[in-house]
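The sequence shown begins at 1 in the UniProt record's numbering and counts up one residue at a time.
Even for Gly, the Cβ is constructed at its ideal location relative to N, Cα and C.
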Amino acid sequence: MCTADGSSNAAEVPSPPNPTTGGAGKSPVQIPISWPDDGSLTLEWVENLAFIFEWSSRSVAPSDFPSVLPVPVLDRIILTASKIVHGEPNCLRIDVPSGDNQRVVVVGDVHGQLHDLLFLLREAGSPSDDRYYVFNGDYVDRGAWGLEVFLLLLAWK
Numbered sequence: 001m002c003t004a005d006g007s008s009n010a011a012e013v014p015s016p017p018n019p020t021t022g023g024a025g026k027s028p029v030q031i032p033i034s035w036p037d038d039g040s041l042t043l044e045w046v047e048n049l050a051f052i053f054e055w056s057s058r059s060v061a062p063s064d065f066p067s068v069l070p071v072p073v074l075d076r077i078i079l080t081a082s083k084i085v086h087g088e089p090n091c092l093r094i095d096v097p098s099g100d101n102q103r104v105v106v107v108g109d110v111h112g113q114l115h116d117l118l119f120l121l122r123e124a125g126s127p128s129d130d131r132y133y134v135f136n137g138d139y140v141d142r143g144a145w146g147l148e149v150f151l152l153l154l155a156w157k
């Protein structure tokens, strides 16, 4: 959070729940969000990002969002996803390996509804090697949390 003089202090928010068990995570999440030291986004980092976005949507004024997600981290998310997307064709063919645990989750219009997206991810499970997500568009055109939805989808990419 920002102090009266505009400087930033790291604040502690409650531990994110484990998406599988619903139990509390291992350690408290710190804000502002920082880019991973090794530069690699992990499942834990993206799930913490989702948790912090949900927490901030209920606890932080929109004008204070940069105190939660600093602009350099926002830039890194966009740049990292852009490099991936620019190396892919416009139309992707998804070959899902056969097996009992393989699933494709097709998602229609999210419309910037962060809480709906997070509910979907909790119910269907996080993207993984055996759970593919296909988002058909209309990610951010109406809801109050379009930026958070877009950044979270980019982080999952």
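* Asked: Do you know how far the Cα of L117 is from the Cα of E123?
  -> The alpha-carbon atoms of E123 and L117 are separated by roughly 10 angstroms.
* Specify, as a first and last residue, the run of the beta strand (DSSP E) that residue 159 falls within. => This structure leaves residue 159 out entirely; the chain is present only between 1 and 157.
* To do: Could you pull out every unbroken alpha helix (DSSP H) segment of at least 4 residues lying fully inside the stretch 67-92, listed in chain order?
  => Those alpha helix (DSSP H) runs which fall completely within the stretch 67-92 and span 4+ residues are 71-86.
* In angstroms with no decimal places, state the Cα-to-Cα distance between R58 and V104. => Each residue's alpha carbon lies about 31 angstroms from the other.
* Go to R122, then tell me how far its alpha helix (DSSP H) extends in each direction, as first and last residue. => Under the DSSP assignment, R122 falls in the alpha helix (DSSP H) whose first and last residues are 114-124.
* Asked: Do E47 and S128 have their C-beta atoms closer together than 9 angstroms?
  -> No.
* Minimum C-alpha distance to N101 - residue among F150, D95, R131 -> Cα-wise, what sits closest to N101 is R131.
* Ignore the nearest five residues each way along the sequence and tell me which others in V140's own chain have a CB closer than 8 angstroms to its CB. => A distance below 8 angstroms between beta-carbons, with the five flanking residues on each side excluded, links V140 to the following residues of its chain, in chain order: V110, H111, G112, G146, L147, V149, F150.
* Contact belief for A50 with L152 at Cβ below 8 angstroms, rounded distance in angstroms -> Indeed they touch by this definition, with Cβ atoms about 6 angstroms apart.
* To do: Return yes when the Cβ of I77 is within less than 9 angstroms of the Cβ of A155, no when it is not.
  => Yes, the pair counts as a contact, with Cβ atoms nearer than the cut-off.
* To do: Find out if the Cβ-Cβ distance for the pair W35, V73 is shorter than 9 angstroms.
  => Yes, they are a contact pair.
* Asked: So, P32 versus S67, is the Cβ gap smaller than 9 angstroms?
  -> Their beta carbons are under 9 angstroms apart, which means P32 touches S67 by this criterion.
* Asked: In terms of DSSP beta bridges, what is Y139 paired with?
  -> Beta-bridge pairing by DSSP links Y139 to no other residue.
* Asked: Buried or exposed: where does I52 fall if 16 or more other Cβ atoms within 10 Å of its Cβ makes it buried?
  -> Classification of I52: buried, given that the 10 Å Cβ count is 16 or more.
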